[in-house]
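Engineer:
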Amino acid sequence: MQVVNTDSIPGEEVAETLGIARGNTVEARNVGRDITQSIRNLTGGELKAYSELLTKAREEALDRMVTDAESMGADAVVNVRLESSEISQGGSEVLAYGTAVRLK
Numbered sequence: 002m003q004v005v006n007t008d009s010i011p012g013e014e015v016a017e018t019l020g021i022a023r024g025n026t027v028e029a030r031n032v033g034r035d036i037t038q039s040i041r042n043l044t045g046g047e048l049k050a051y052s053e054l055l056t057k058a059r060e061e062a063l064d065r066m067v068t069d070a071e072s073m074g075a076d077a078v079v080n081v082r083l084e085s086s087e088i089s090q091g092g093s094e095v096l097a098y099g100t101a102v103r104l105k
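Here the sequence shown stands for residues 2 to 105, numbered as in the numbering used here.
1. Helix, strand or coil for residue 84, going by three-state DSSP, please let me know.
2. Measure the Cβ-Cβ separation of residue 22 and residue 59 and say whether it is below 9 Å.
3. Answer yes or no: do residue 24 and residue 64 have a C-beta to C-beta separation smaller than 9 Å?
4. Output the distance between the C-alpha atoms of residue 93 and residue 85, rounded to the nearest integer angstrom.
5. For residue 103, which residues does DSSP report across the bridge?
6. For residue 54, which residues from the same chain have a beta carbon less than 6 Å from its beta carbon, with the 5 sequence-adjacent residues on both sides left out?
7. To the nearest angstrom, how far is it from the Cα of residue 47 to the Cα of residue 77?
8. Verify whether the separation of the beta carbon atoms of residue 62 and residue 2 is less than 9 Å.
9. Identify the continuous alpha helix (DSSP H) that holds residue 56 and give its terminal residues.
10. Assign residue 16 to one of two classes, buried (16 or more other C-beta atoms within 10 Å of its C-beta) or exposed (fewer than that).
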């Protein structure tokens with residue numbers, strides 16, 4: 002499965018557009034992580050635990066988007082986008098979406 006954030010794939014031609022493929026996940030912080038990251042926030046620097054949490058969430062959302070595209074019979078997903086939003090205090094959603102296509 003080819004996944005790109007452009008509207009086409011170099012050297013490939015789209016035979017059919019199948020629809021929007023999407024995948025999302027909601028990840029919550031945990032109390033232990035919040036305590037350590039609060040201390041880091043006071044001293045400055047990267048909040049690595051949160052970076053790792055969001056990296057994991059992005060990968061999960063992309064994997065779910067690919068699974069959705071495969072269920073439509075797609076060979077590729079073009080024009081892929083990622084969005085994140087706060088669902089609740091301490092929880093964030095990551096959404097991956099793009100256009101599922103069948104290549105010639």
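Glycine included, every Cβ here is placed at the ideal spot set by N, Cα and C.
Just so you know, these numbers come straight off a predicted model, no measurement behind them.
Structural biologist: Quick answer:
1. strand
2. no
3. yes
4. 7 Å
5. 17
6. 28
7. 34 Å
8. no
9. 49-72
10. exposed
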